[in-house]
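Read through the structure below, which is laid out as C-alpha cells, and then see the notes.
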Amino acid sequence: MYGKCCQIRDARLVFDRIAPKNEFSWTQIVKAYAHNGHLLEAILFFRKSLLEGMDPSDYACSIVIGVCCSLGSLQDGRFVHAVVRDRGYESDPHVAAGLIHMYSSCGCMDEASTAFRRTNHRDRFIYTAMIGGFAQAGQCREAVVLFREMDLDGITGDNITFVSAIGAFQDLGDPRQCRAIHECAAQAGVESDCLVQTALLNMYSQCGFAEEALQVFGEMAERDRVAWSSTIAACARHGYGRQAMELFRRMELEGIKPDIVVLSSLLDACSSVEALAEGAMIHARIIAGGFHRDRILDAAILNMYAKCGSAASARLAFDEQSPDDPVSWNVMIGACAKAGLDLEAIESYRQMQALGIDPTPVTFITVLAACSHSGFLAEARIQFLSMIQDFGIAPDVDCYCCLVDLLARTGDLEAGEELMLSMPFEPFEAGWTSLLSACGVHGDRGRATRIAGAGASIAPETSAHYVLLSNMKREEECL
C-alpha cells in the first residue's frame, strides 16, 4: 500500500518490521523501490533477497529486468538473466519480453535474439519486444521479416507493435511495402490510434509520399504540432509547395505557432514554386519571431531567394548573417550563378577565401558552373586544380561535367575528350553528348564518329548520339 502511495520510507519501515520475511515481502519492497524510481535500491534488495536464500518468482524477476533496462545496466541484466535461467523462467512471456527489451536497449541484439528463440509460446508482447528491438537497432529488414512471421503465426499486433513495425518499413522506403503495413494496421483495427497515425504520417513524409501523408493527416481526429510539421515538410520537399502554404494558414487558424522546423519547410515550399512574395513574408515572420539567428533558417532564407531568382534580396539577407558559415556562402554563390551573375559568383568565392573559410565540394561545383556559363576556361582550370591541390577535394562527376561542358563550348575538343578518358570513374553520357554537339559546331567529323561510339556504349538504349552524328553529316552534305 505504502509503495503504491509513493511513501517509500513508510514501506521500508513496514518491511523492516516483518519477521520472518518471505518471497512475497521481498518482492513487494523491490516493486516499491522500482515503481517509485529508486532503481539502484530495487536491484540491491533483489540481490539481498537472494543472499537471504529467497527463491524469486518470475514476477519479481520481470520487475528487476525492467529496472536493469531503465538503468541501461547490462551487467546487472546478465546477472538477473542467470537467475532466470537457473529457475527455468526463460520461457515465461513477461520475463522473455523483458529480457528482449533489456538486451535490445543495451544494443545486444544477438542476446535479444537468443532470448526470443528460447521462448516456447510467443505472444504479441514477445513479438512486439523483438520487432521494436530490431527497429531501434536499425536492423529494419529483420524487423519486417519478424512482423510477417508474427502475421503468419496468426498473432495480431497492437498499436505499439505497429509503431515499431511502421518505423522499420519507413527505413526501407519501399512504396508498396509502406502501403502494405498501412493496410495491415487498418485490418488490425489500430489505424485510427493516434500513435499509429503519427507513425504512418512520419513514414509517408520521410519516404516522400506526400499524397498519402495528406490523406493520413486528413483522417487524424487531433493534430499536434508534430503532425502539422511533418505534413508541411512532406509537401514542401516533394513538390506540393502550394499545399504546404495552405496547411500553414490552417495551422495558424487553429492557434498553433510555427517553430523553426515549420518555418524552414515553408521556405522550401516557396523555393519549390518560386513564390518570392510569400517567401519574403515568411522571412519577415522569422525576423519578427526572433528566429533569424538560426543557421538552418539563414541557409533556407538564402536558398529561397536564390531559387526565386532574386540575387539582390539574397545578398541583403546574406549581409545580415554570420560571415563564417560555408553553407551560406555556397548558397550565395549559387544565387549569383543562377541569376547569371557569374562574375559576382566568382568574386563571392574569392571573398570567402579571403576570410579563411574553407570551400566544400558544393562550393567548387557552383564556381565551376559559373565559369562554364560565362566561358571562363582559364578560371575554371585554376579552380579545378586548386580543388585538388590546395584543399584535397576529389572532383566528382558534377565537377568533371562542368569542365567538359566548358571545354566543349570553347572549342577545345581534344582537351575535353582527354579529360573524359582520364577521369577516375566511368565516363558519363552527358559529357559525350556535350562534346558531340561541339564537334558538330566545329566540323570535327572524325572525332564525332569516335565520340558517338563511346556515348552509345554507355547508353545503348538511346539513339541520341547517332542522331546527332547523322544530323552533322546531313549538314555537311548540304554545304
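Per my numbering, residue 20 is the first one in the sequence shown, and the count goes up by one each step. Beta carbons: idealized from backbone N, C-alpha and C, even for Gly.
In this structure, D417 and I384 form a Cβ contact; the two beta carbons are roughly 5 Å apart against a cut-off of 8 Å. A Cβ-Cβ separation of about 14 Å leaves H302 out of contact with I315 under the 8 Å criterion.
The DSSP-derived three-state label of A356 is helix. Taken through DSSP and simplified to helix, strand or coil, V292 comes out as coil.
When the Cα atoms are used, G308 and S110 turn out to be separated by approximately 57 Å. Between Y324 and A354, the CB-CB gap stays under 8 Å. Selection Y419, P277, L286, I279 evaluated against R256 yields L286 as nearest (Cα-Cα). For K326, the enclosing alpha helix (DSSP H) covers residues 314–326.
In the three-state reduction of the DSSP assignment, N41 falls in the coil class, being assigned neither a helical nor a strand state. Cβ contact annotation for A330 (same chain, cutoff 8 Å, sequence separation greater than five): Y324, A354, C355, K357, A358, L360, E363, in chain order. Under a 10 Å Cβ-count criterion, S332 is classified as buried, with 16 or more other Cβ atoms of the shown protein chains found around its own Cβ. Q158 sits in coil when the DSSP states are folded into three classes, being neither helix nor strand. In the assembly as shown, V245 is an exposed residue. Its beta-carbon has fewer than 16 other beta-carbons within 10 Å.
With respect to L425, L404 sits apart: the two C-beta atoms are not nearer than 8 Å. Straight-line measurement puts the Cα of A156 at about 11 Å from the Cα of H120.
Inclusion of L387 and A399 in the CB contact set at 8 Å is warranted, their separation being smaller than that value. Looking from the CA of D105, the closest CA among D77, S123, S132 belongs to D77.
Between F310 and L335, the C-beta spacing is not below 8 Å.
R464 and E202 have their C-alpha atoms roughly 59 Å apart. Here DSSP, grouped into helix, strand and coil, assigns D177 to coil.
At a Cβ-Cβ threshold of 8 Å, V102 and L58 do not count as neighbours. For I275, the secondary structure class from DSSP, reduced to helix, strand or coil, is coil. Sequence-distant partners of P345 (beyond 5 residues in either direction) whose C-beta falls short of 8 Å from its own C-beta, in its chain, are M371, I376, D377, P378, T379, T382.
Collapsing the DSSP output to three states places M128 in a helix. Beyond the five residues adjoining it in sequence on each side, D74 comes within less than 8 Å, by CB distance, of E42, R106 in the same chain, given in chain order.
Apart from sequence neighbours up to five positions away, the residues of its chain that approach I82 with a beta-carbon distance below 7 Å are V49, K50, A53, ordered along the chain. For the options S248, C254, D243, N55, the alpha carbon positioned closest to that of E230 is the one of C254.
Within the model, the alpha-carbon separation for S341 versus F188 is close to 40 Å. Counting the other Cβ atoms within 10 Å of the Cβ of D172 gives fewer than 16, which makes it exposed.
Per the C-alpha coordinates, the member of Q225, S183, D177 positioned closest to S211 is D177.
By the Cβ-count criterion, P277 is buried, with 16 or more other Cβ atoms from all chains shown falling within 10 Å of its own Cβ.
L374 sits in coil when the DSSP states are folded into three classes, being neither helix nor strand.
For K40, the closest C-alpha among the options I62, W451, E60, G72 is that of G72. Inclusion of Q402 and C390 in the CB contact set at 8 Å is warranted, their separation being smaller than that value.
For A207, the three-state secondary structure derived from DSSP is coil.
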